[in-house]
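Residue numbers (our numbering), protein chains in the order written: chain A, 2 to 402; chain B, 886 to 979.
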């Protein structure tokens, strides 16, 4: 079994266009869940979202390249560029064959699909744009990354709703650990601000009318966000031999399925996911110094996640900092795990815990130290990051500084 | 909805919507039934509320949904919202 180093990070979301910008705002507790650029007509029941407004596609791609790239694939490629640049890897013939690209996306390319439906059903025009299929396929981001860097190893996409990118990272981790790959570019991306999708979320009644307030007594739901996070995972010895800076290590991965209800969470599933991840890492729960929570800000998730954490961590949960950075960058669905994995690694590396912002007062059903509103310096060695998806699919990663 | 169901009393119409949405026989529902007895969970509830909004041309706010745990409570909730709509046809004058 090989150790798995993280040697590159790339991030685009509402907080900024790169890791440095995002980290500065995460630590400053900046909430970028802002009024929607298009409030909808009639207006959506929610007025805000975490849009990556500073992301300008033409800053990164030519007009011609954009013909085949939907926003979620653009975000994936730009995050991958930053991560690969930091890693300093060049994909020579041998490495190109032994590098994987594994991305997560819950919904793929929604915009082209909706444009197609408008033509078909509203305009009664049966001629759909010819590139609709390659634009909308969920693996468009992974394939773009493979094409751009000339990577010939295993390339695929995992789609498990809000757990997509933790599952993608877990797969990549297992591959590098097991020796099937020397390196992997893994993470996820999502672009959710398409009208049909927003109307569907509206109908689910889980989106907060203003901002999301994870673990707070007055929380009223999640806030949608868009973005991408990509990590370069690398065989530890390979990274060391190159003399590159190692940014952290992935040491454990756990998955579980609730088999309980299609949308309602239960305590046992998330608890098992954390338990398997800890067991995989060979760590007792007491060793964990921080949890980046799934923390969506819905009534059900935050209460259930709190109970699951109490179940696994016992008395340690009294003094275990748990924060939900979704309060700043929104819930980016299939990108959530990747964005939060990067946040967790930076938390360990810099010894400062990003807060749960928009927090007003404690909910007795969420008895956790949620690092309310203010970042907190702390000496940290090990951390867990959780994702729990609709469909009852849970995935947890364990990181070491 | 058909004229037939529009002419039925409001309680019956609510039960018809629930029966149709849940794909259960109308006879299995009474004003005394709780959602729990009918095995209606929160996700089913979202579907039912959506169908009721369509049927009665009303907007059921999230707070309203939380007070509807039985057929009787749902009928009362809908009755109130329909009455408000009739009293203020131009929408709430807030």
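Glycine is no exception: its CB is placed at the ideal position from the N, C-alpha and C atoms.
Nearest-angstrom Cα distance between residue 310/A and residue 256/A? Residue numbering aside, residue 310/A sits at position 309 when the first chain is read from its first letter. Residue numbering aside, residue 256/A sits at position 255 when the first chain is read from its first letter. Each residue's Cα considered, the two are about 15 Å apart.
Per-residue DSSP class, three states only, for residue 413/A: Residue 413/A cannot be examined here, being either before or after the span of chain A that is shown, 2 to 402.
For residue 183/A and residue 85/A, believed in contact at Cβ under 8 Å, the rounded distance: For this step, residue 85/A is matched to residue 84 along the first chain. For this step, residue 183/A is matched to residue 182 along the first chain. Rounded, the Cβ-Cβ distance is 14 Å, inconsistent with contact.
Interface flag, residue 950/B vs chain A, CB-CB below 9 Å: Taking the second chain and counting its residues from 1, one reaches residue 950/B at position 65. Closer than 9 Å to some Cβ of chain A, the Cβ of residue 950/B qualifies, so yes.
Just the chain B side, please: which residues come within less than 8 Å of residue 263/A by C-beta, in chain order? Start at 1 with the first residue of the first chain, and residue 263/A comes out as number 262. Those are 928, listed as they occur along chain B.
Can you pull out the residues from the stretch 198–214 of chain A whose beta carbon lies closer than 7 Å to at least one beta carbon of chain B? 204, 205, 206
According to DSSP, is residue 249/A helix, strand or coil? Here residue 249/A corresponds to residue number 248 of the first chain, with the count starting at 1. In the structure shown, residue 249/A sits in a strand (DSSP, three-state: E or B).
Is the CB-CB distance between residue 225/A and residue 41/A below 9 Å? Residue mapping note: residue 225/A aligns to position 224 of the first chain, counting from 1. Residue mapping note: residue 41/A aligns to position 40 of the first chain, counting from 1. At the C-beta level, residue 225/A and residue 41/A stay beyond 9 Å of one another.
Is residue 941/B close to chain A? Criterion is C-beta to C-beta, closer than 9 Å. The residue given as residue 941/B occupies position 56 in the second chain. Closer than 9 Å: no.
Please give me, in chain order, every unbroken run of the alpha helix (DSSP H) with length at least 4 that falls completely inside the stretch 312–361 of chain A. 327–330, 337–351
Once the 5 residues before and after residue 911/B are set aside, which same chain residues still bring their CB inside 7 Å of it? Reading the second chain from its first residue, position 26 is the one you call residue 911/B. Taken in chain order, the residues that qualify are 900, 901, 904.
If distances are taken between C-alpha atoms only, which option among 940/B, 896/B, 906/B, 894/B comes closest to residue 932/B? As a first step, residue 932/B is located in the second chain; it is residue number 47 there, counting from the start. When only C-alpha atoms are compared, the closest one is 906/B.
Looking at the ligand GDP, does it come within less than 8 Å of residue 74/A, judged from the CB to the closest heavy atom? Among the ligands in the structure shown, none appear at all, so the ligand GDP cannot be discussed.
Who are the near neighbours of residue 203/A in its chain, counting only those whose CB is closer than 6 Å to its CB and skipping five residues on each side? Position 202 of the first chain, counted from the start, is the residue given in the question as residue 203/A. Answer for residue 203/A: 45, 46, listed in chain order.
Along the stretch 910–937 of chain B, where does the CB come closer than 7 Å to a CB of chain E? Name the residues. Among the protein chains in the structure shown, which are A and B, there is no chain E.
Only counting the same chain, and skipping five residues up and downstream in sequence, which positions put a Cβ closer than 8 Å to that of residue 914/B? Taking the second chain and counting its residues from 1, one reaches residue 914/B at position 29. Hits under 8 Å: 900, 903, 904, 923, 956.
Let me check understanding here. Comparing Cα to Cα, which of 288/A, 331/A, 128/A, 254/A lies closest to residue 117/A? On the first chain, position 116 is the one that residue 117/A refers to. Checked all of 288/A, 331/A, 128/A, 254/A; the closest Cα to residue 117/A is 128/A.
Are the beta-carbon atoms belonging to residue 228/A and residue 21/A less than 9 Å from one another? What you label residue 228/A is simply residue 227 of the first chain in a count that begins at 1. What you label residue 21/A is simply residue 20 of the first chain in a count that begins at 1. Taking 9 Å as the Cβ cut-off, residue 228/A and residue 21/A do not qualify as a contacting pair.
Quick check on residue 896/B - is its C-beta less than 9 Å from some C-beta in chain A? Along the second chain, one-based indexing puts residue 896/B at 11. Cβ-Cβ to chain A under 9 Å: no for residue 896/B.
Would you kindly check if the distance between the Cβ of residue 343/A and the Cβ of residue 212/A is under 9 Å? Along the first chain, read from residue 1 onward, the residue named residue 212/A stands at position 211. Along the first chain, read from residue 1 onward, the residue named residue 343/A stands at position 342. Contact: no.
Quick one: is residue 891/B buried, meaning 16 or more other Cβ sit within 10 Å of its Cβ, or exposed? Here the question's residue 891/B lines up with position 6 in the second chain. Model confidence at residue 891/B stands at a pLDDT of 43, short of 50, so the residue's coordinates are unreliable; what they give is reported in the following sentence. Exposed.
Counting only beta-carbon atoms, is residue 221/A nearer than 9 Å to chain B? Taking the first chain and counting its residues from 1, one reaches residue 221/A at position 220. Yes, because at least one Cβ of chain B sits closer than 9 Å to the Cβ of residue 221/A.
May I have the straight-line CA-CA distance separating residue 953/B from residue 894/B, to the nearest angstrom? Mapped onto the second chain, residue 953/B falls at position 68. Mapped onto the second chain, residue 894/B falls at position 9. Whole-angstrom Cα-Cα distance: 19 Å.
Measuring alpha carbon to alpha carbon, tell me which of 356/A, 330/A, 357/A ends up nearest residue 17/A. The residue labelled residue 17/A in the question sits at position 16 within the first chain. Nearest of 356/A, 330/A, 357/A to residue 17/A, Cα basis: 330/A.
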